[in-house]
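Q:
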Amino acid sequence: MKLWQKQTKLDAAVEAFTVDDDWELDNQLVWADAATNLAHAHALQKAGLLSAEELQAIKGALQQVVSLHAQGLFPVKPEDEDVHTAVENFLTEELGETGAKIHAGKSRNDQVLCDTRLHAKKELLAIGLGTVALANALAVLAGQHEKTLMPGYTHSRKAMPSTLGLWFAAHAEALADDVEGLLQALALIDQCPLGSAAGYGSQLPLDRELEAKLLGFAGVQNNVLYAQNSRGKFEAVVLAALQQVMLDLGKLSADAILFSMPEFGFLSLPEKFCTGSSIMPQKKNPDVFELLRGKASVVGACLFQVANLVAGLPSGYHRDYQLTKEPLLKGLKTAREAVSVALSVVQGLKGNPAACLAACSPEIFSAWQALESAKKGVPFRSAYQETAKKLPGGKPLLVPAFSELFNAKLLGSPAALGLPQLKEKLSAKEKSLEEKSRVLASAWKKLWGKTHAGP
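Counting the sequence shown from 1 gives a position; our numbering is that position plus 28.
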C-alpha cells in the first residue's frame, strides 16, 4: 500500500508516469532511509510517542532491512513507488501498530532530502579522498620529472621550453583546488532537514538537533520551508563541485592521449589499460582516457539538468523535485568511478625523457634568447625583432643548458613546481576529509550499535 493511497484508485498510466524509475534509483538509498527512520524513531521516543520497547523493536526491524538489502533480499519494487513506502510497509508488516507509528511528524519530503544528503556526504568524502590520492600520485611523477625538458605548447604548437614535471604538477595543483570545492559542497549540505516534514514542520515536540546528531550532520537546517526550497540548489552545488573535478580529469586525459601518441611519445600507457581493435591487430587504444574525457560532459549535463529543473519554481514542494534525484546519483557515481580509475591509470604512466628532449627544437628557445638580450639592457621589442630575424632558416639559435633556462627559486619559472607547498596543502585537505569521515562513522556506530548498519 502506498503511503498516500486513499479510496480512489489512481489511473494506471498516470501512476506509472509519476513513479517512473524512482523506485529503481531508491535501491541506492535503502541504508540511508533506514538510518533516517531510526533517528526519527529516537525523536518520537523522546517526545513520548514511542516506548523504549517500541524503539528497540523498530531498530531491530530496520537492521533487518539493511541486512536483507545487502543480501539482495530487500529490493525496492515498482509497486512500492519509493524506498520510504517499502521501508514503512516492512515495519508495519513486521511490527503492526508499532511500525505504523513511524511516520508521525515526518513526510516523504524531508525523508528524501535527508536520504540524498546522507548519500551525497558519503560519496563526496570518498571522491575527495580519491582526488587527494590522485593529486599526490601526479605530484610524485612531477618530482621524478622536474628536470625532464619538453616543449610547452600554446595554440597546439610548440611555444617555450617546459618540463614534464611542470605538466604533472599543473594537474596535481588543479585537483588540489578541486578538493576545496568538494569540501565547500560538503559543508553546505551538512545540514539535517529531517523534522521539516512537508516544508511546514509539525506540532509534535520533536528534537531535530537529536536527529541531526544521530545521523552525523553538523547541525539542523533551521527554516523548514527553506529545507524544501533548497532541494535542487544543494544538488546543483554538489554537481558543480564534481564538474570541476571532471573538467580537470578531462584536460589531463586529453593531454595524456596526445602525449602518448607515437608521434609524440612523451608518455607511455600500460598495455593493461589499453584496448584493441576488431580489425587492426596493431592498435593500443587509450579508451580509458577517452571515456574520462567524455564523462566530464556527462557530469556537466547532470548539473545543467538540475539547475534548469528548479529554476523559477515557487516556494514549497513540487513533484518536479523528484527529477533531481537521478542526475545527482548519476553525477556522484560517475565522478567516483572516474577518480578511482584515473588513479589506477596515472600510477601506471611512464614518462619518456628522451622523446621529450628530442622534441625540443631550437625555435622554442627564441623567447629565452630575446629575454637574455633584454637582461643586458636591449629594449625587449628590439631584442624580439632581432631574434625573429633568425627564424626560420637564419642564424641557428643556441640551446641553453637546463640550469640557464630554469631557476627553481624563481616563482614563475617552470622549475618552480612548489611541490612541498602542494603536498602540504593536500595533506591538510586529506586530514579534513578523514576527520569528517571519522565523525560520520562514529555517528553511525552510536546510532546502530555493534551491528553498525551504516554505509
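Every residue, glycine too, gets a C-beta built ideally from N, C-alpha and C. Predicted model, so just to flag it, every value in this text is computed and none were measured.
1) Report back the beta-carbon spacing between Asp138 and Ala255 to the nearest angstrom; my notes put them in contact at under 8 Å.
2) Contact defined as beta carbons within less than 8 Å: I believe Ala370 pairs with Leu277. What is the distance between those atoms, to the nearest angstrom?
3) Using only the alpha-carbon positions, how far apart do Leu141 and Leu210 sit?
4) Measure the beta-carbon distance from Thr191 to Lys175 and round it to whole angstroms, keeping in mind my assumption that it falls under 8 Å.
5) Measuring from the CB of Phe393, is there a heavy atom of the ligand MN at a distance below 7 Å?
6) For Lys404, which of helix, strand or coil comes out of DSSP?
7) Leaving aside the five residues before and after Gly328 along the sequence, list all residues of the same chain whose C-beta is less than 6 Å from its C-beta, in chain order.
8) Assign Met274 to one of two classes, buried (16 or more other C-beta atoms within 10 Å of its C-beta) or exposed (fewer than that).
9) Which same chain residues, not among the five before or five after Pro381, have their C-beta less than 6 Å away from its C-beta?
10) Should Lys150 go down as buried or exposed, given a rule of 16 or more other Cβ atoms within 10 Å for buried?
11) Please identify the residue among Leu90, Ile155 and Pro221 whose C-alpha is closest to the C-alpha of Leu461.
12) Going by other Cβ atoms of all chains shown within 10 Å of its Cβ, with 16 needed for buried, is Trp32 buried or exposed?
13) Are any of the Cβ atoms in chain B nearer than 8 Å to that of Lys312?
14) Between the alpha carbons of Lys30 and His112, how many angstroms are there, rounded?
15) For Gly247, which residues in the same chain have their Cβ closer than 8 Å to its Cβ, ignoring the five residues on either side in sequence?
16) Any idea which residues DSSP pairs Pro189 with across the strands?
17) With C-beta atoms as the reference, is Ala416 less than 8 Å away from Leu331?
18) Under the DSSP definition of a beta bridge, which residues are partnered with Gly379?
19) Using only the alpha-carbon positions, how far apart do Glu122 and Lys361 sit?
20) Would you say Leu53 and Ala204 are within 8 Å of each other, going by their C-beta atoms?
21) Shortest alpha-carbon distance to Ser401 belongs to which of Glu414, Ile392 and Ser389?
22) So Leu377 and Leu295 are supposed to be a Cβ contact under 8 Å. How far apart are they, rounded?
23) Given this structure, state the Cα-to-Cα distance separating Tyr228 from Gln350, to the nearest angstrom.
24) Can you tell me which residues form a DSSP beta bridge with Cys220?
25) Would you mind reading off the limits of the alpha helix (DSSP H) that contains Asp54?
A: In short, the structure shows the following:
1) As a position in the sequence shown, residue 138 is number 110, starting the count at 1. As a position in the sequence shown, residue 255 is number 227, starting the count at 1. Contact check for Asp138 and Ala255: beta-carbon distance about 6 Å, within the 8 Å limit, so the pair qualifies.
2) Locating residue 370 in the sequence shown gives position 342, counting from the first residue. Locating residue 277 in the sequence shown gives position 249, counting from the first residue. So it is a contact: roughly 6 Å between Cβ atoms.
3) As a first step, residue 141 must be located in the sequence shown, where it is residue number 113. As a first step, residue 210 must be located in the sequence shown, where it is residue number 182. About 19 Å.
4) Along the sequence shown, read from residue 1 onward, the residue named residue 191 stands at position 163. Along the sequence shown, read from residue 1 onward, the residue named residue 175 stands at position 147. Under the criterion of beta carbons closer than 8 Å, Thr191 and Lys175 qualify as touching, at roughly 7 Å.
5) This structure does not include the ligand MN; it has no bound ligands of any sort.
6) Locating residue 404 in the sequence shown gives position 376, where the first residue counts as 1. If DSSP states are grouped into helix, strand and coil, Lys404 belongs with coil.
7) Working through the sequence shown from its first residue, we reach residue 328 at position 300. Apart from sequence neighbours up to five positions away, the residues of its chain that approach Gly328 with a beta-carbon distance below 6 Å are Gln271, ordered along the chain.
8) Your numbering for residue 274 matches position 246 in the sequence shown. Residue burial annotation: Met274 is buried, with at least 16 other C-beta atoms found within 10 angstroms of its C-beta.
9) What you label residue 381 is simply residue 353 of the sequence shown in a count that begins at 1. The residues are Thr176.
10) Position 122 of the sequence shown, counted from the first residue, corresponds to residue 150. Around the C-beta of Lys150, 16 or more other C-beta atoms lie within 10 Å, and the residue is accordingly described as buried.
11) Mapped onto the sequence shown, residue 461 falls at position 433. That would be Ile155, whose Cα lies nearest to the Cα of Leu461.
12) Residue mapping note: residue 32 aligns to position 4 of the sequence shown, counting from 1. Only weak support is given to the placement of Trp32: the predicted model assigns it a pLDDT of 42, under 50, and the value that follows is read from those uncertain coordinates. Around the C-beta of Trp32, fewer than 16 other C-beta atoms lie within 10 Å, and the residue is accordingly described as exposed.
13) The structure shown contains no chain B, having only a single protein chain.
14) Translated into positions along the sequence shown, residue 30 becomes position 2. Translated into positions along the sequence shown, residue 112 becomes position 84. The predicted model places Lys30 with a pLDDT of 48, which falls under 50 and marks its position as unreliable, so this point remains unresolved.
15) Indexing the sequence shown from 1 puts residue 247 at position 219. Contacts found: Asp218, Gln219, Cys220, Glu237 and Ala240.
16) As a position in the sequence shown, residue 189 is number 161, starting the count at 1. Note: Pro189 sits in a beta bridge opposite Pro179.
17) Working through the sequence shown from its first residue, we reach residue 416 at position 388. Working through the sequence shown from its first residue, we reach residue 331 at position 303. No, the pair does not count as a contact, with Cβ atoms beyond the cut-off.
18) For this step, residue 379 is matched to residue 351 along the sequence shown. Paired residues: Leu295.
19) On the sequence shown, position 94 is the one that residue 122 refers to. On the sequence shown, position 333 is the one that residue 361 refers to. CA-to-CA, the gap between Glu122 and Lys361 works out to about 33 Å.
20) Here residue 53 refers to the residue found at position 25 of the sequence shown. Here residue 204 refers to the residue found at position 176 of the sequence shown. No, the pair does not count as a contact, with Cβ atoms beyond the cut-off.
21) Position 373 of the sequence shown holds residue 401. Closest by C-alpha distance to Ser401, out of Glu414, Ile392 and Ser389, is Glu414.
22) For the purposes of this step, residue 377 is identified with residue 349 of the sequence shown, where counting begins at 1. For the purposes of this step, residue 295 is identified with residue 267 of the sequence shown, where counting begins at 1. That pair is a contact at about 6 Å.
23) For the purposes of this step, residue 228 is identified with residue 200 of the sequence shown, where counting begins at 1. For the purposes of this step, residue 350 is identified with residue 322 of the sequence shown, where counting begins at 1. Straight-line Cα distance between these residues: approximately 19 Å.
24) Locating residue 220 in the sequence shown gives position 192, where the first residue counts as 1. Cys220 pairs with Val248.
25) Taking the first residue of the sequence shown as position 1, residue 54 is located at position 26. Note, Asp54: premise wrong, no alpha helix (DSSP H); not H, not E.
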